[in-house]
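Student: First to last, the protein sequences are chains V and F. Okay, so the first sequence: first residue is 156 according to the numbering used here, each after it adds one. Okay, so the second sequence: first residue is 21 according to the numbering used here, each after it adds one. Idealized CB from N, CA, C, for every residue including glycine.
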Amino acid sequence: MEQDRVRRFERAAELLPPRLRRLAMETPDERKERAEELRLRVNAPLTVVTAEGEHPVAAAERDALVTRDDVERVVAGVTEYSRYASAESLRRGFLPVRGGFRLGVCGTAVLRDGAVCSLKDYSSLALRIVRERVGVGEAVAPELFDGEGRFRSTLILSPPGGGKTTLLRDLIRCLSDGGLRVAVVDERSELAVSVDGCPQTELGARTDVLDGCPKALGVPMVLRAMSPQVIAVDEIACGADVDTMCAAANCGVALLATIHARDVPELTRKPLWRALLAAEVFERAVVIAIEGGARRYRVEDVPCSGEPARS
Amino acid sequence: MLRGAGALLILCAALLTRRALLEERRAAQRTRRALAAAFEAMEAEIRALLTPFPALLRRDVGPEAGPFLQAVAASLRRGRSLCEAWSGAVDALPLPEEERAALAPLGARLGGDEEGVRAALKLAAEMLRAGYEEAERRRAQEERLTTALCLSAGLLLVILLI
Numbered sequence: 156m157e158q159d160r161v162r163r164f165e166r167a168a169e170l171l172p173p174r175l176r177r178l179a180m181e182t183p184d185e186r187k188e189r190a191e192e193l194r195l196r197v198n199a200p201l202t203v204v205t206a207e208g209e210h211p212v213a214a215a216e217r218d219a220l221v222t223r224d225d226v227e228r229v230v231a232g233v234t235e236y237s238r239y240a241s242a243e244s245l246r247r248g249f250l251p252v253r254g255g256f257r258l259g260v261c262g263t264a265v266l267r268d269g270a271v272c273s274l275k276d277y278s279s280l281a282l283r284i285v286r287e288r289v290g291v292g293e294a295v296a297p298e299l300f301d302g303e304g305r306f307r308s309t310l311i312l313s314p315p316g317g318g319k320t321t322l323l324r325d326l327i328r329c330l331s332d333g334g335l336r337v338a339v340v341d342e343r344s345e346l347a348v349s350v351d352g353c354p355q356t357e358l359g360a361r362t363d364v365l366d367g368c369p370k371a372l373g374v375p376m377v378l379r380a381m382s383p384q385v386i387a388v389d390e391i392a393c394g395a396d397v398d399t400m401c402a403a404a405n406c407g408v409a410l411l412a413t414i415h416a417r418d419v420p421e422l423t424r425k426p427l428w429r430a431l432l433a434a435e436v437f438e439r440a441v442v443i444a445i446e447g448g449a450r451r452y453r454v455e456d457v458p459c460s461g462e463p464a465r466s
Numbered sequence: 021m022l023r024g025a026g027a028l029l030i031l032c033a034a035l036l037t038r039r040a041l042l043e044e045r046r047a048a049q050r051t052r053r054a055l056a057a058a059f060e061a062m063e064a065e066i067r068a069l070l071t072p073f074p075a076l077l078r079r080d081v082g083p084e085a086g087p088f089l090q091a092v093a094a095s096l097r098r099g100r101s102l103c104e105a106w107s108g109a110v111d112a113l114p115l116p117e118e119e120r121a122a123l124a125p126l127g128a129r130l131g132g133d134e135e136g137v138r139a140a141l142k143l144a145a146e147m148l149r150a151g152y153e154e155a156e157r158r159r160a161q162e163e164r165l166t167t168a169l170c171l172s173a174g175l176l177l178v179i180l181l182i
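1) Using only CA atoms, which one of V/Arg286, V/Val374, V/Val285, V/Ala242 lies nearest to V/Cys272?
2) Between which two residues does the beta strand (DSSP E) harbouring F/Cys32 extend?
3) Sorted by chain position, which residues of the same chain lie with C-beta nearer than 6 Å to F/Gly108's C-beta, five sequence neighbours on each side aside?
4) Against chain V, which members of the stretch 99 to 110 of chain F pass a CB distance test of less than 9 Å?
5) From the DSSP output, which residues share a beta bridge with V/Leu323?
6) Scan the stretch 402 to 455 of chain V and note each continuous alpha helix (DSSP H) run of 4 residues or more that stays entirely inside, going in chain order.
7) I'd like to check one pair, V/Val419 with V/Pro547: are the Cβ atoms closer than 8 Å?
8) Just to confirm, are V/Ala240 and V/Gly259 a CB contact at a threshold of 8 Å?
9) Would you say the stretch 334 to 347 of chain V touches the stretch 316 to 324 of chain V, given that touching needs at least three Cβ pairs under 8 Å?
10) Does DSSP put V/Pro251 in a helix, in a strand, or in coil?
11) With respect to the alpha helix (DSSP H) encompassing F/Ala166, which residues constitute its N-terminal and C-terminal limits?
12) Would you check if there are 3 or more beta carbon pairs closer than 8 Å linking the stretch 210 to 227 of chain V to the stretch 298 to 316 of chain V?
13) How far does the alpha helix (DSSP H) with F/Cys103 in it extend, from its first residue to its last?
14) I think V/Met180 touches V/Ala168, with their Cβ atoms under 8 Å apart; what is that distance to the nearest whole Å?
15) Nearest chain V C-beta to F/Leu113 closer than 8 Å, yes or no?
16) State the Cα-Cα distance for the pair F/Arg149 and V/Val265, rounded to the nearest angstrom.
17) Roughly how many whole angstroms lie between the Cα atoms of F/Cys170 and F/Ala93?
18) For V/Cys329, name the three-state secondary structure that DSSP assigns.
19) Under 8 Å between the Cβ atoms of F/Leu141 and F/Phe59?
20) Quick one: using the 10 Å Cβ neighbour count with 16 as the cut-off for buried, is V/Gly304 buried or exposed?
21) With DSSP run on the structure shown, which of helix, strand or coil describes V/Ser349?
22) Flag this pair as yes or no: are the beta carbons of F/Leu42 and F/Glu156 separated by less than 8 Å?
23) Does chain F have any CB closer than 8 Å to the CB of V/Ser237?
24) Could you name the residues of chain F that V/Ala242 contacts, counting a contact when the two beta carbons are closer than 7 Å?
25) Tell whether a beta-carbon distance below 8 Å holds between F/Leu181 and F/Gly24.
26) Please work out which residues of its chain come closer than 6 Å, Cβ to Cβ, to F/Leu126, disregarding the five sequence neighbours upstream and downstream, and give them in chain order.
27) Run through chain V and tell me which residues come within less than 7 Å of F/Val137, C-beta to C-beta.
28) Using only the alpha-carbon positions, how far apart do F/Leu165 and V/Arg253 sit?
29) With contact counted as at least three CB pairs below 8 Å, one residue from each stretch, are the stretch 395 to 409 of chain V and the stretch 373 to 385 of chain V in contact?
30) DSSP three-state label for F/Gly82, please.
31) Any C-beta of chain F sitting closer than 8 Å to the C-beta of V/Ser273?
32) Please name the residue or residues paired with V/Ile284 in a DSSP beta bridge.
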């Protein structure tokens, strides 16, 4: 597992220009294993992000300074010199990368009619090393079915960085390989990290992926086109997402989604989530808690209309 | 007898030179036509499917335009920028200097947004088509001129040497 993580770090480093790649490769293996991101900022040193913070890749900061040309080269390489082909993704600030990575992009927004139509003068990049942990959901998946073997719509809860997306990805794989048709509306290309239509992560044999499409548009599309038994989405974050989930639940499909919340009681405190609970769309919640440096998964029933949670 | 044979050989050389010059022009014409068609096809595919450059450069476009696309793809694989790769491949085209000089700067526009890239490809195709039509228009006149020059040079050499 550790060697696998080191290899993934090194594959991510291969996307950097030669000078920075060499410095990144010199990072100690222990840090490579724990690396979550590589950060490039113009006129600042290249850093490795771990759970503990950001660490420059070289002892002398000036050796690892990132230039504007470095940033342009990384974007050009990731877009295969075809920025037009990635314009929609770029407009939303990220690019999926072959191999299961994801490049967050910051720069100057180009506005047209009040909406961001592109980014230019790139200033910062976050090369996210997508952590695929195959098998992490296997213990949890059986608890998400009722006595008749029916999958119950489930929310995955944790604060940011808690591993919601990692668990969601593996639960999709478990459900799909378990025989259910799963449709994934991958709005931010984080679940499948599709490149040229091919998912770069393991999502199971019966999974259909609609990539780069907003949930409000994508969920009705997959309902019509793929007749799924389960629809999976990452990060329900706004009223439109809640409405989409409610509409999909009315069509008889089960749902699997993540949401930013520490636990079920926090869900009942926020007005938007209260609306979701009132609609009785979700029946189960998987709460991710970090205890003693390890992640624990707790399955709970979701209360309706803000009732107290029952473990 | 020997002088006659020598004169004949000189005239044959003049005719072979004429043939080589005309073949060079025909090759340039074939290149213009094939590249213009390739650029138009690339522009259409970008408009319809937003296909990235590496896939476009792998298309089978025939023996005249193929080496150009392969040269660009090879340069990209070596880590050069699209602008550098394009300019390098344009330099190797069998076209007159002024046409290559006009095509080379278009590479800088290929790294931009869809509209910019499509406009650059369309402009490149238009420039090549214009060059093709201009060369076709002048073909008869240039062929006559080449024939006259080659034969005149050959005859002059015969007169001077014999």
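Tutor: So, from the data block:
1) The residue with the shortest Cα to Cα distance from V/Cys272 is V/Ala242.
2) F/Cys32: not part of any beta strand (DSSP E); member of the alpha helix (DSSP H) spanning 22 to 69, first to last residue.
3) So the qualifying residues of the chain are Ser95.
4) Taking 9 Å as the upper bound on Cβ-Cβ separation, chain V lies near residues Gly99, Ser101, Leu102, Ala105 of the stretch 99 to 110 of chain F.
5) Bridge partners of V/Leu323: none, in fact.
6) Taken in chain order, the unbroken stretches of alpha helix (DSSP H) that lie wholly in the stretch 402 to 455 of chain V and span 4 residues or more are 419 to 424, 426 to 433.
7) Outside the displayed range of chain V (156 to 466) lies residue 547 of chain V, so it cannot be described from this structure.
8) Cβ atoms of V/Ala240 and V/Gly259: not closer than 8 Å.
9) The stretch 334 to 347 of chain V is in contact with the stretch 316 to 324 of chain V.
10) In the structure shown, the three-state DSSP call for V/Pro251 is strand.
11) The sequence shown places Thr at residue 166 of chain F, rather than the Ala named in the question. In the DSSP annotation of this structure, the continuous segment of the alpha helix (DSSP H) that includes F/Thr166 starts and ends at 159 to 181.
12) As far as the Cβ criterion goes, the stretch 210 to 227 of chain V does not touch the stretch 298 to 316 of chain V, which means the pair count is below three.
13) Counted as a single uninterrupted DSSP element, the alpha helix (DSSP H) harbouring F/Cys103 occupies residues 102 to 111.
14) Rounded, the Cβ-Cβ distance is 6 Å, consistent with contact.
15) No, F/Leu113 lies away from the interface with chain V (no Cβ there is under 8 Å from its Cβ).
16) Roughly 35 Å separates the two Cα atoms.
17) So the two alpha carbons sit approximately 40 Å from each other.
18) In the structure shown, V/Cys329 falls within a helical segment according to DSSP collapsed to helix, strand and coil.
19) Cβ atoms of F/Leu141 and F/Phe59: closer than 8 Å.
20) V/Gly304 should be labelled exposed.
21) It is coil, neither helix nor strand.
22) Between F/Leu42 and F/Glu156, the CB-CB gap reaches or exceeds 8 Å.
23) Judged by the 8 Å Cβ criterion, V/Ser237 is in contact with chain F.
24) Within chain F, the residues near V/Ala242 are Asp133, Glu134.
25) F/Gly24 is positioned such that its CB atom lies no closer than 8 Å to that of F/Leu181.
26) Counting only residues of its own chain and dropping the five nearest sequence neighbours on each side, F/Leu126 has a CB closer than 6 Å to the CB of Ala140, Ala144.
27) Those are Tyr239, listed as they occur along chain V.
28) One C-alpha to the other measures close to 57 Å.
29) Touching, yes, given that three or more Cβ pairs across the two stretches are closer than 8 Å.
30) Under the three-state reduction of DSSP output, F/Gly82 falls in the helix class.
31) Nearest CB-CB separation between V/Ser273 and chain F: below the 8 Å threshold.
32) Bridge partners of V/Ile284: V/Phe256.
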